[in-house]
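J.: Here you go, one structure.
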Amino acid sequence: MTVSRRRFLVGGAATLAAAGAAFGALDAVDGTLVQHGLHKLGVARSPDLVLPRPPLTELNGSFDSRYLKRSVGWRITRPPGSAPLDGVLVCLHGYGGNHLWAFDVVHVPAAAAHVGLRVAVAGVDGGHDSYWHRRADGTDALAMLLDEFVPLVRRRVGHHRQALMGWSMGGYGALLAAERSRPEWVAVAPASPALWLAAADTAPGAFDSPADFAANDVFTGEQTLAGLGIAVACGTEDPFYAATRALVARMDFPHHTWFTYGFHDAPFWRAAAPVQLRDIAPSFRAA
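Okay, so the sequence shown: first residue is 31 according to my numbering, each after it adds one.
Here is the structure:
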């Protein structure tokens with residue numbers, strides 16, 4: 031059956047109107063619920079920031095990880111030329127992602143160039159749903175990161191000051207890695223970290239048990255982050271916003287936050303990245 035452009039537009043408008051009416055009825059109860067609904071429909075989204083891609087030297091490879099029991103992909107980029115690097119950004123991807131997340135989703139090298147940071151950007155495949163910690167099946171993405179990937183990055187680009195970035199699952203992982211291996215890092219910049227205040231609230235598969243949640247709870251180790259450059263970003267419409275605010279409230283030491291309108295999506299992460307990198311830049315350059 032052929033549908034005319036007019037009928038298509040009218041039908042689409044009617045659908046959106048019906049959705050708007052339904053969410054409008056909820057608005058008096060919970061405005062955030064309305065925004066989440068509109069976001070799922072594709073009507074609402076975070077403000078985006080698309081930056082020009084800078085010239086890069088790119089390395090790609092893989093290694094057999096004894097901690098993940100499989101081959102693990104990685105990518106490292108750096109600005110061309112022989113000028114010294116300010117440091118290295120080690121990036122942890124979100125749920126369902128891989129080592130290309132920092133490059134293809136968030137465009138971290140472009141964000142770094144935008145704020146004048148000359149850094150190598152390194153991404154590694156931590157697993158579809160590892161949540162960057164040791165799991166009941168014996169795999170351990172955190173050990174892979176610290177004991178296998180970080181040494182690989184040093185062999186490839188040399189010893190430099192290192193910072194962590196991460197998004198969603200990787201934002202949680204970046205916090206956990208910084209807390210567990212404090213001397214390795216000068217800064218941590220999580221965006222929309224996947225945080226929960228209780229084991230009963232966690233997403234299916236994020237932790238193996240309440241005991242696993244307790245053993246890897248970043249709320250018990252936030253004081254170890256004191257002295258690092260810290261730049262936390264989260265959208266006010268993000269489902270992890272309340273828990274992220276709760277974690278930051280426990281930080282009785284200098285830190286930066288960027289809480290503004292946005293959802294749990296790539297546009298927000300792209301917009302946040304230059305802000306976060308600008309905030310942690312002094313940690314790379316401290317005497």
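Backbone N, C-alpha and C fix where the C-beta goes; we use that ideal spot for every residue, glycine too. Remember, it's a predicted structure, so these values are computed and weren't measured experimentally.
1. Given this structure, state the Cα-to-Cα distance separating tryptophan 197 from alanine 173, to the nearest angstrom.
2. Identify, in the order they occur along the chain, each residue of the same chain with its Cβ nearer than 7 angstroms to the Cβ of asparagine 243, setting aside the five sequence neighbours on each side.
3. What residue range is occupied by the uninterrupted beta strand (DSSP E) comprising arginine 105?
4. Look at the Cβ atom of serine 313, then the Cβ atom of glycine 257, and state whether they are nearer than 7 angstroms.
5. Near tryptophan 226, what residues of its chain come up, given a Cβ to Cβ distance below 7 angstroms and the 5 sequence neighbours on each side ignored?
6. What separation, rounded to the nearest whole angstrom, lies between the Cα atoms of phenylalanine 298 and histidine 129?
7. Using the beta-carbon count (16 or more within 10 Å), is valine 80 buried or exposed?
8. Reducing DSSP to helix, strand and coil, say where arginine 27 ends up.
9. Write down every uninterrupted run of the beta strand (DSSP E) in the segment 102-170 whose length is 3 residues or greater and which is fully enclosed by it, in chain order.
10. Assuming isoleucine 106 and leucine 122 make a contact with CB atoms under 8 angstroms, what is their CB distance in whole Å?
11. Tell me which residue opens and which closes the alpha helix (DSSP H) that proline 82 is part of.
12. So for phenylalanine 93, helix, strand or coil by DSSP?
13. Between serine 76 and glutamate 209, what straight-line distance do the alpha-carbon atoms span, to the nearest angstrom?
14. Just the Cα atoms here: how many angstroms apart are phenylalanine 179 and histidine 163?
15. Can you grab the Cα-Cα spacing for the pair glycine 117 / alanine 150, in whole Å?
16. Excluding the 5 residues preceding and the 5 following arginine 83 in the sequence, name in chain order all residues of the same chain whose CB lies nearer than 6 angstroms to its CB.
17. Quick check: what's the CA-CA separation for valine 248 versus proline 85?
18. Is the Cβ-Cβ distance between alanine 221 and alanine 152 less than 7 angstroms?
19. Determine, using beta carbons only, whether glycine 200 and glycine 124 come nearer to each other than 7 angstroms.
20. Please report how far the alpha carbon of alanine 302 lies from the alpha carbon of alanine 132, in whole angstroms.
21. Go ahead and pull the three-state DSSP assignment for phenylalanine 53.
22. If you drop the 5 nearest sequence neighbours on each side, which residues of the same chain put their C-beta closer than 6 angstroms to that of serine 211?
23. Counting only the same chain and skipping the five closest in sequence on each side, list residues whose C-beta sits under 6 angstroms from that of glutamine 306.
24. Can you give me the C-alpha to C-alpha distance between valine 145 and proline 109, rounded to a whole angstrom?
25. Give the single residue among Gly292, Asp94 and Ala193 whose Cα lies nearest to the Cα of threonine 169.
26. Output the distance between the C-alpha atoms of glycine 235 and arginine 96, rounded to the nearest integer angstrom.
T.: Let me lay it out:
1. Counting from 1 along the sequence shown, the entry for residue 197 is found at position 167. Counting from 1 along the sequence shown, the entry for residue 173 is found at position 143. Looking at the two C-alpha atoms, the distance is approximately 19 angstroms.
2. In the sequence shown, residue 243 corresponds to position 213, counting from 1. Note that residue 243 is phenylalanine in the sequence shown, not asparagine. Contacts found: Ala229, Thr232 and Phe237.
3. Start at 1 with the first residue of the sequence shown, and residue 105 comes out as number 75. Segment 100-108, the beta strand (DSSP E) holding arginine 105.
4. Looking up residue 313 in the sequence shown gives position 283. Looking up residue 257 in the sequence shown gives position 227. No. Outside cutoff.
5. As a first step, residue 226 is located in the sequence shown; it is residue number 196 there, counting from the start. Counting only Cβ-Cβ distances below 7 angstroms, and skipping sequence neighbours, we find Thr232 and Ala273.
6. The residue labelled residue 298 in the question sits at position 268 within the sequence shown. The residue labelled residue 129 in the question sits at position 99 within the sequence shown. The alpha-carbon atoms of phenylalanine 298 and histidine 129 are separated by roughly 19 angstroms.
7. For the purposes of this step, residue 80 is taken as residue 50 along the sequence shown, with counting starting at 1. Classification for valine 80: exposed.
8. Residue 27 lies beyond the range of the chain shown here (31 to 317); nothing can be said about it.
9. 117-122 and 149-154
10. Along the sequence shown, read from residue 1 onward, the residue named residue 106 stands at position 76. Along the sequence shown, read from residue 1 onward, the residue named residue 122 stands at position 92. Actually they do not touch by this definition, with Cβ atoms about 14 angstroms apart.
11. For the purposes of this step, residue 82 is identified with residue 52 of the sequence shown, where counting begins at 1. Looking at the DSSP string, proline 82 is not in any alpha helix (DSSP H), and its letter there is neither H nor E.
12. Within the sequence shown, numbered from 1, the residue matching residue 93 stands at position 63. Of the three classes helix, strand and coil, the one that applies to phenylalanine 93 here is strand, per DSSP.
13. Mapped onto the sequence shown, residue 76 falls at position 46. Mapped onto the sequence shown, residue 209 falls at position 179. Near 30 angstroms, if we compare the C-alpha coordinates of glutamate 209 and serine 76.
14. Counted from its first residue, the sequence shown places residue 179 at position 149. Counted from its first residue, the sequence shown places residue 163 at position 133. Spanning the two alpha carbons is a distance of roughly 15 angstroms.
15. As a first step, residue 117 must be located in the sequence shown, where it is residue number 87. As a first step, residue 150 must be located in the sequence shown, where it is residue number 120. If I take the Cα positions, the gap works out to 7 angstroms.
16. By 1-based counting over the sequence shown, the position of residue 83 is 53. Answer for arginine 83: Ala140, listed in chain order.
17. Taking the sequence shown and counting its residues from 1, one reaches residue 248 at position 218. Taking the sequence shown and counting its residues from 1, one reaches residue 85 at position 55. About 37 angstroms.
18. The residue labelled residue 221 in the question sits at position 191 within the sequence shown. The residue labelled residue 152 in the question sits at position 122 within the sequence shown. Contact flag unset, no.
19. Taking the sequence shown and counting its residues from 1, the one referred to as residue 200 is at position 170. Taking the sequence shown and counting its residues from 1, the one referred to as residue 124 is at position 94. Contact flag set, yes.
20. Residue mapping note: residue 302 aligns to position 272 of the sequence shown, counting from 1. Residue mapping note: residue 132 aligns to position 102 of the sequence shown, counting from 1. Going from the Cα of alanine 302 to the Cα of alanine 132 covers about 13 angstroms.
21. The sequence position of residue 53 within the sequence shown is 23, counting from 1. Low confidence applies to phenylalanine 53: its pLDDT is 33, below 50, so where it sits in the model is not reliable, and the reading given next is rough at best. In the structure shown, phenylalanine 53 sits in a helix (DSSP, three-state: H, G or I).
22. Counting from one through the sequence shown, the residue named residue 211 turns up at place 181. Here the set comprises Leu176.
23. Translated into positions along the sequence shown, residue 306 becomes position 276. If we look at glutamine 306 and ignore the five residues flanking it on each side, its Cβ neighbours are Ala219, Ala261 and Ala263.
24. To locate residue 145, count along the sequence shown from 1; it is residue 115. To locate residue 109, count along the sequence shown from 1; it is residue 79. When rounded, the distance between both Cα atoms is 13 angstroms.
25. Reading the sequence shown from its first residue, position 139 is the one you call residue 169. Closest by alpha carbon: Asp94.
26. Along the sequence shown, read from residue 1 onward, the residue named residue 235 stands at position 205. Along the sequence shown, read from residue 1 onward, the residue named residue 96 stands at position 66. The straight-line gap from Cα to Cα measures roughly 22 angstroms.
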